[in-house]
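Protein chains in written order, with this note's numbering: chain A, 22 to 446; chain B, 22 to 446.
Cβ atoms here follow ideal geometry from the backbone N, Cα and C, with glycine treated the same way.
2 protein chains.
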Amino acid sequence: MRVINYPDKKEWQKLLIRPVFETHSLDESVRKVLENVKKNGDEAILKYTEKFDHIRLDSYIVSKEEKVAALKLVDTELKKAMELASDNIAKFHNAQKSSIVEVETLPGVRCWQKAVPIEKIGLYIPGGTAPLFSTVLMLGIPAKIAGCKEIVLCSPPGKDGFLNPAIIYAASIAGIDKMYKIGGMQAIGAMAYGTDTIPAVYKIFGPGNQYVTAAKQMVAREGMAIDMPAGPSEVAVLADESSNPVFIASDLLSQAEHGTDSQVVMITVSKEIADQTIKELESQLNELPRKNLAEKSLAYGKIFLVKDYEEMMELANTYAPEHLIISTSNADSLVEKVINAGSVFIGAYTPESAGDYASGTNHTLPTNGYAVAYSGVNLDAYFKKITFQHINKEGLELLGPAIEKMALAEELTAHQRAISLRLRH
Amino acid sequence: MRVINYPDKKEWQKLLIRPVFETHSLDESVRKVLENVKKNGDEAILKYTEKFDHIRLDSYIVSKEEKVAALKLVDTELKKAMELASDNIAKFHNAQKSSIVEVETLPGVRCWQKAVPIEKIGLYIPGGTAPLFSTVLMLGIPAKIAGCKEIVLCSPPGKDGFLNPAIIYAASIAGIDKMYKIGGMQAIGAMAYGTDTIPAVYKIFGPGNQYVTAAKQMVAREGMAIDMPAGPSEVAVLADESSNPVFIASDLLSQAEHGTDSQVVMITVSKEIADQTIKELESQLNELPRKNLAEKSLAYGKIFLVKDYEEMMELANTYAPEHLIISTSNADSLVEKVINAGSVFIGAYTPESAGDYASGTNHTLPTNGYAVAYSGVNLDAYFKKITFQHINKEGLELLGPAIEKMALAEELTAHQRAISLRLRH
Numbered sequence: 022m023r024v025i026n027y028p029d030k031k032e033w034q035k036l037l038i039r040p041v042f043e044t045h046s047l048d049e050s051v052r053k054v055l056e057n058v059k060k061n062g063d064e065a066i067l068k069y070t071e072k073f074d075h076i077r078l079d080s081y082i083v084s085k086e087e088k089v090a091a092l093k094l095v096d097t098e099l100k101k102a103m104e105l106a107s108d109n110i111a112k113f114h115n116a117q118k119s120s121i122v123e124v125e126t127l128p129g130v131r132c133w134q135k136a137v138p139i140e141k142i143g144l145y146i147p148g149g150t151a152p153l154f155s156t157v158l159m160l161g162i163p164a165k166i167a168g169c170k171e172i173v174l175c176s177p178p179g180k181d182g183f184l185n186p187a188i189i190y191a192a193s194i195a196g197i198d199k200m201y202k203i204g205g206m207q208a209i210g211a212m213a214y215g216t217d218t219i220p221a222v223y224k225i226f227g228p229g230n231q232y233v234t235a236a237k238q239m240v241a242r243e244g245m246a247i248d249m250p251a252g253p254s255e256v257a258v259l260a261d262e263s264s265n266p267v268f269i270a271s272d273l274l275s276q277a278e279h280g281t282d283s284q285v286v287m288i289t290v291s292k293e294i295a296d297q298t299i300k301e302l303e304s305q306l307n308e309l310p311r312k313n314l315a316e317k318s319l320a321y322g323k324i325f326l327v328k329d330y331e332e333m334m335e336l337a338n339t340y341a342p343e344h345l346i347i348s349t350s351n352a353d354s355l356v357e358k359v360i361n362a363g364s365v366f367i368g369a370y371t372p373e374s375a376g377d378y379a380s381g382t383n384h385t386l387p388t389n390g391y392a393v394a395y396s397g398v399n400l401d402a403y404f405k406k407i408t409f410q411h412i413n414k415e416g417l418e419l420l421g422p423a424i425e426k427m428a429l430a431e432e433l434t435a436h437q438r439a440i441s442l443r444l445r446h
Numbered sequence: 022m023r024v025i026n027y028p029d030k031k032e033w034q035k036l037l038i039r040p041v042f043e044t045h046s047l048d049e050s051v052r053k054v055l056e057n058v059k060k061n062g063d064e065a066i067l068k069y070t071e072k073f074d075h076i077r078l079d080s081y082i083v084s085k086e087e088k089v090a091a092l093k094l095v096d097t098e099l100k101k102a103m104e105l106a107s108d109n110i111a112k113f114h115n116a117q118k119s120s121i122v123e124v125e126t127l128p129g130v131r132c133w134q135k136a137v138p139i140e141k142i143g144l145y146i147p148g149g150t151a152p153l154f155s156t157v158l159m160l161g162i163p164a165k166i167a168g169c170k171e172i173v174l175c176s177p178p179g180k181d182g183f184l185n186p187a188i189i190y191a192a193s194i195a196g197i198d199k200m201y202k203i204g205g206m207q208a209i210g211a212m213a214y215g216t217d218t219i220p221a222v223y224k225i226f227g228p229g230n231q232y233v234t235a236a237k238q239m240v241a242r243e244g245m246a247i248d249m250p251a252g253p254s255e256v257a258v259l260a261d262e263s264s265n266p267v268f269i270a271s272d273l274l275s276q277a278e279h280g281t282d283s284q285v286v287m288i289t290v291s292k293e294i295a296d297q298t299i300k301e302l303e304s305q306l307n308e309l310p311r312k313n314l315a316e317k318s319l320a321y322g323k324i325f326l327v328k329d330y331e332e333m334m335e336l337a338n339t340y341a342p343e344h345l346i347i348s349t350s351n352a353d354s355l356v357e358k359v360i361n362a363g364s365v366f367i368g369a370y371t372p373e374s375a376g377d378y379a380s381g382t383n384h385t386l387p388t389n390g391y392a393v394a395y396s397g398v399n400l401d402a403y404f405k406k407i408t409f410q411h412i413n414k415e416g417l418e419l420l421g422p423a424i425e426k427m428a429l430a431e432e433l434t435a436h437q438r439a440i441s442l443r444l445r446h
């Protein structure tokens, strides 16, 4: 980790710069895949599955038999762990339900707003060596709570042609029925355009590699709703002399092990804690199977030494991290000053991994500084809010003249006449 | 308007198809403008203002003097109308404030979610013949209620080099201080990247022509948040034998006068009302100054004759209109069945123009079928929701073993160790 001592505010932006997550260069190949899926549907999907996932499938539907078999393959302890996590995720997202907002803005002018679930949504769960079943829970449970009618899950098949059992188990906990073994760009295309097998959805959720990201961006430009823009995962830890360097190091490493492009930042008022954390990182690093990955990520990591807590929070808000760990003695007062972050972890016994899996908060969060304007996935993400208004004649008499005046000033005569014809009636 | 009698459900999608709002062909020229603004800032902006708005400005800041002068130029009646509208918009959006959601998911595991306003936002207000001051109110008032710290307004200068006085008046009602005379793509670039004069913002709101739309899409791909994708405005009116053809025609024309690409749809169970509406359209059309525009738009308009109310609602939900007017005898029960719409207008005395200006609901709404997944602008649009969690040692003891199990199953050892190191402490 590079230690930066008392940087000048003018330098912050430059010091906090993130690697560019550029996907334009992939546009040509992604566009080709999406167009082919749009045109040839299932046939194209099976072809790409053979090409990219190196497996020839007759059908990419996860059958009832495959589901039953999978449920037996998952370790009992892991099942219990998933159920505990699932309960907490459900509790926290259930509490986010909103009620109808209704206001009579003038006598006879009634306006209200109602959250209505998005009917059809698609979840993409990446493949790779480790099955991201936790993301199935994080994206699937709120979808069920929201009441989305059609929930489609796509995830690439393993080399054996089956979907990972832990993913199937997580999906069944979440109550997701429709699972398909499709990976990457072709999965995004299938959910965006639909095929004979897969229904087209209205919003696509889920992480993915740069190809998946580019595909999501491309369908988003066509009007498809997506959860949020993507970027490498990141953490910022705020520490002072009261913080435990062993814990901090373990949190920084949790982030670093995600991949070489993971962003790891520490902001502290204590030089001593900074030094001790660096030592701890070295010793803990040796015990990790993903040591190589984590080491590369840490090489780009930064420790900022700042003069006081005010500067600490200002720097943290400027960075706008996906995960923010506040492990200082005055954490409770710093929490009030958080403006830009995805999810915040407070105190010595709240590691990021708690939120990644089981505390109840969502782990699908804005990276790359997007926390300045984007929320993480929460119950709202599965709803659109529709407004309604009912005006009676009395109400229109009160409101009408103002509307007429404004409509004419905007040169919209028909808008004015829609009022005057009614008032004269 | 084309009358379609009892169409088969299989034909619906095809019959409801909208014109493609394609902007890819503009990408090259838009990209050039954006890059130039990013690189050359204010200099580029003044250059483009001369090129596109045909006016040479020394400064594009709306000065205090210009503001004072403008306030005197706005007609008193119009001011009063804007203030009434403003009050209603404020009432309805104020009621949308959310409170902190807090849950103890397990003893010692406290999770909460807090809406925090986006610090910096930009509003784009198009120019053209008529000043869209109503959009200033619709986008600016909720921004102030949300508590966004920095609100920037860009709108092209008139031929005289000044900003339209009604726009300035609306902005001052909304409490917006920073107004800039910049139009089109260069305004989007200025707000996205910032210049020496304009601060970069985190989210851009507002309508615009196809160049503005393409520019918003382009900066969105770079991670800038935008209000929603754009498309031509549209209305669907649901009518039965109880509906008033004079009122319906006036509403259809309100939509049609927006532009030749406006989408006008009527769905009815009554052939008689359909026929009478067509006659009314012809006679009312003659009284509109924008007759030519409206006529072209109506030529593409469609009247669907359906067999019952159930089919009426199903067709309306399939279309997912920006504006949905329900003018039937059983409106109250149909309202409950609305799944996809931007804003809904109920009953004979609730014309669309009420919501366009003054009822209190927002008029920035999802077009082009985006209502299946997108909300119109509402108070949420100015916030991001941040999650927080605080776990004490007791809580981590309850939660920890499940996290460890899941982390190891996802092959994330450092995530597991962040727990075990704490539990062993």
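Candidates the options, of which the one nearest residue i by Cα
i: A/Tyr395; options: B/Thr298, B/Asp29, B/Gly244 and B/Val398; result: B/Gly244
i: B/Lys60; options: B/Gly215, B/Leu326 and B/Gly196; result: B/Gly215
i: A/Val137; options: A/Lys93, A/Thr434 and A/Thr408; result: A/Thr408
i: B/Ala430; options: A/Pro186, A/Ser304, A/Gly280 and A/Glu49; result: A/Pro186
i: B/Leu158; options: B/Leu144, B/Thr70, B/Lys170 and B/Glu171; result: B/Leu144
i: A/Trp33; options: A/Ile299, A/Ile324 and A/Lys68; result: A/Ile324
i: B/Ile110; options: B/Tyr81, B/Ala91, B/Ser155 and B/Ala315; result: B/Ser155
i: B/Ser254; options: B/Gln231, B/Ala235 and B/Val285; result: B/Val285
i: A/Asp108; options: A/Asp296, A/Pro163 and A/Lys93; result: A/Pro163
i: A/Gly229; options: A/His279, A/Gly196, A/Asp272 and A/Ala167; result: A/His279
Burial state of residue i (16 or more Cβ within 10 Å)
i: A/Arg23; result: exposed
i: B/Ala341; result: buried
i: A/Ala320; result: exposed
i: B/Asn351; result: exposed
i: A/Pro310; result: exposed
i: B/Pro40; result: exposed
i: B/Arg445; result: exposed
i: A/Lys118; result: exposed
i: B/His344; result: buried
i: A/Lys406; result: buried
N- and C-terminal bounds of the alpha helix (DSSP H) containing residue i
i: A/Gly421; result: Lys414 to Ala430
i: A/Gln437; result: Thr434 to Arg445
i: A/Glu308; result: Where A/Glu308 is concerned, there is no enclosing alpha helix (DSSP H), given that its DSSP letter is neither H nor E.
i: B/Thr156; result: Phe154 to Ala167
i: A/Met287; result: Counting along the chain, A/Met287 falls outside any alpha helix (DSSP H), though it belongs to the beta strand (DSSP E) covering Gln284 to Thr289.
i: B/Phe73; result: Asp48 to Asp74
i: B/Lys358; result: Premise fails: B/Lys358 is in no alpha helix (DSSP H) and is neither H nor E.
Bridge-paired residues (DSSP) for residue i
i: B/Asn26; result: B/Leu326
i: A/Val365; result: A/Leu345 and B/Phe409
i: A/Cys175; result: A/Tyr145 and A/Tyr201
i: A/Ile82; result: A/Tyr201
i: B/Lys170; result: Paired residues: none, contrary to the question.
i: A/Phe404; result: A/Pro138
Residue-chain proximity (residue i, chain E), Cβ-Cβ < 8 Å
i: B/Gly280; result: The chain inventory of the structure shown lacks chain E, comprising the protein chains A and B.
Residue i - containing beta strand (DSSP E), residue span
i: B/Leu127; result: Val122 to Leu127
i: B/Leu259; result: Glu255 to Ala260
i: A/Arg242; result: Segment Gln231 to Arg242 is the alpha helix (DSSP H) holding A/Arg242; no beta strand (DSSP E) there.
i: A/Gln134; result: Val130 to Pro138
i: B/Phe226; result: Lys224 to Phe226
Closer than 7 Å: residue i CB and nearest the ligand GDP heavy atom
i: B/Met103; result: For the ligand GDP, the structure offers nothing, since it holds no ligand at all.
Chain A contacts from the region 370–395 of chain B (Cβ-Cβ distance under 9 Å): Tyr370, Thr371, Pro372, Glu373, Ser374, Ala375, Gly376, Asp377, Tyr378, Ala379, Ser380, Gly381, Thr382, Asn383, Leu386, Pro387, Asn389, Gly390, Tyr391, Ala392, Val393, Ala394 and Tyr395
Contact list for the region 405–419 of chain A against chain B, Cβ threshold 8 Å: Lys405, Lys406, Ile407, Thr408, Phe409, Gln410, His411, Ile412, Asn413, Lys414, Gly416 and Leu417
Residues within the region 305–332 of chain B neighbouring chain A, beta-carbon criterion of under 8 Å: Gln305, Glu308, Leu309, Pro310, Arg311 and Ala315
Residues, ordered as in the chain, of the region 241–254 of chain B that lie near chain A by beta-carbon distance below 7 Å: Arg242, Gly244, Ala246 and Pro250
Contacting positions in the region 282–300 of chain B - beta carbon closer than 7 Å to chain A: none
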